[in-house]
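What follows is a single structure, written as C-alpha cells, with notes after it.
Numbering (our numbering), first residue to last: 1 to 178.
Dropping the structure here:
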C-alpha cells in the first residue's frame, strides 16, 4: 500500500526534502550515471508528489510543474522516479496515475507534457501520452517528448510523421530528470 502526498515546496518537511533529493540522486546521478546539478532552482515553485510505503520510506516521486514554467501552455511531469527496492510491484504505474490525476486537478483543461526515456514510450502511452517530437539524446540516453491532452481539449497531439504509437508496457516508471 502506498500513501500519497502532493504538496508545494514550502509544505515539504525537512525529512521529506532530504528523502526526495536522496532518491533523485541515487537513481539519476548514481544508477543512470548522469552527472548533473539536480537542484535546478525549480523545486521551490512546483508541486511535489511523494509515495511512501507502509514502512514510511519514500518509494516514488514526481515533480509537477504548472503551465508556463517549462512549457508555455502545458503542465509538465518531471523527475519521475521509483526506488530501486520498490520496482516491479506496480509502484511506477501507481505513481503515474497519481501524477496525472493531480495535474488534472491542479490545472484542469491543460495538456500534460513529459520528457521520457525512449524505451518507456509504451509505458507512458498506456496513460494516454503520445510522442510529439523526434527522439533526442540527453546525457547519452535517447529521450522523447510526450503529451497527453486534457479531456476538455478539442485537439489531440499528433506524433511526428513516421513515429508509431504503442500502448501498454512495463509496470514501472523511471525517467531521467526534467
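In this text, a Cβ means the ideal position worked out from N, Cα and C, and glycines have one as well.
In the DSSP assignment, residue 101 falls within the unbroken alpha helix (DSSP H) covering 91-106. Here residue 73 is exposed: its Cβ has fewer than 16 other Cβ atoms, across all protein chains shown, within 10 Å.
Its chain contains 6, 47, 49 and 64 as the residues whose beta carbon lies nearer than 8 Å to that of residue 102, once the 5 sequence neighbours on both sides are disregarded; these appear in chain order. Spanning the alpha carbons of residue 16 and residue 87 requires a straight line of approximately 20 Å.
Only buried fits residue 125, as 16 or more other CB atoms lie within 10 angstroms of its CB.
The alpha-carbon of residue 119 is positioned some 13 Å away from that of residue 146. Rounded to the nearest whole angstrom, the C-alpha separation of residue 90 and residue 1 is 10 Å. Residue burial annotation: residue 136 is exposed, with fewer than 16 other C-beta atoms found within 10 angstroms of its C-beta. DSSP places residue 52 within a strand segment (E or B) once states are collapsed to three. If only uninterrupted alpha helix (DSSP H) runs of at least 4 residues are considered, those enclosed by the region 108-149 are 121-125.
Excluding the 5 residues flanking it on each side, residue 53 has same chain C-beta neighbours closer than 6 Å at 59, in chain order.
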